[in-house]
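Q: Throughout the sequence shown, residue numbering follows the working numbering, covering 1038 to 1124 in sequence.
Here you go, one structure.
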Amino acid sequence: FGEIPESGLVLRPEYAEFDANQRFDIVVEPTAEHPSCRCGDVLRGVVTHPECKVFGTACTPEHPLGPCMVSSEGSCAAYFHYQRQQV
1038 FGEIPESGLV LRPEYAEFDA NQRFDIVVEP TAEHPSCRCG DVLRGVVTHP ECKVFGTACT
1098 PEHPLGPCMV SSEGSCAAYF HYQRQQV
């Protein structure tokens, strides 16, 4: 997905003294996604998990290539673990 403008939370002005963004020189480095990762496409419904060429092969919970496989709550990790179960 990348960065979503105007989507972050900020503290109210009366709490500015507690705002780390104002108190410290914080630099957020841009992150580069693995070129084979289709996480954004999976989340948007452009492709299904099995349609991703690296799903379950190069990209597994033990060796994730993208954010959807990192956490057990991620879309790809959940599908990886529970895809064989009928609902």
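Ideal Cβ positions, reconstructed from N, Cα and C, are used throughout, including at glycine.
Once the 5 residues before and after Asp1078 are set aside, which same chain residues still bring their CB inside 6 angstroms of it?
A: Here residue 1078 corresponds to residue number 41 of the sequence shown, with the count starting at 1. So the list reads Val1084, once near-sequence residues are dropped.
Q: If you follow the alpha helix (DSSP H) that Cys1105 is in, where does it begin and where does it stop?
A: As a working mapping, residue 1105 is identified with position 68 in the sequence shown. Run containing Cys1105: Pro1104 to Val1107, per the alpha helix (DSSP H) assignment.
Q: Taking its Cβ as the centre, do 16 or more other Cβ atoms sit within 10 Å of Pro1042, making it buried, or is it exposed?
A: In the sequence shown, the residue the question calls residue 1042 occupies position 5. So Pro1042 ends up on the exposed side.
Q: Just how far apart, CA to CA, sit Pro1067 and Gly1045?
A: Along the sequence shown, read from residue 1 onward, the residue named residue 1067 stands at position 30. Along the sequence shown, read from residue 1 onward, the residue named residue 1045 stands at position 8. Spanning the two alpha carbons is a distance of roughly 16 angstroms.
Q: Quick one: what's got a C-beta closer than 7 angstroms to Phe1055's C-beta in the same chain, skipping five residues either side?
A: On the sequence shown, residue 1055 is found 18 positions in, with the first residue counted as 1. Closer than 7 angstroms at the Cβ level, and outside the excluded window around Phe1055, lie Leu1048.
Q: Ignore the nearest five residues each way along the sequence and tell me which others in Cys1089's own chain have a CB closer than 7 angstroms to its CB.
A: What you label residue 1089 is simply residue 52 of the sequence shown in a count that begins at 1. Excluding residues within five positions, the ones whose Cβ falls inside 7 angstroms are Arg1075 and Val1079.
Q: Taking the DSSP output, what are the residues bridged to Pro1096?
A: As a working mapping, residue 1096 is identified with position 59 in the sequence shown. Checking the displayed sequence, the identity of residue 1096 turns out to be Cys instead of Pro. Paired residues: Phe1092.
Q: Comparing the CB of Cys1105 with every heavy atom of the ligand SAH, is any distance shorter than 8 angstroms?
A: Looking for the ligand SAH in the displayed structure turns up nothing, as the structure carries no ligands at all.
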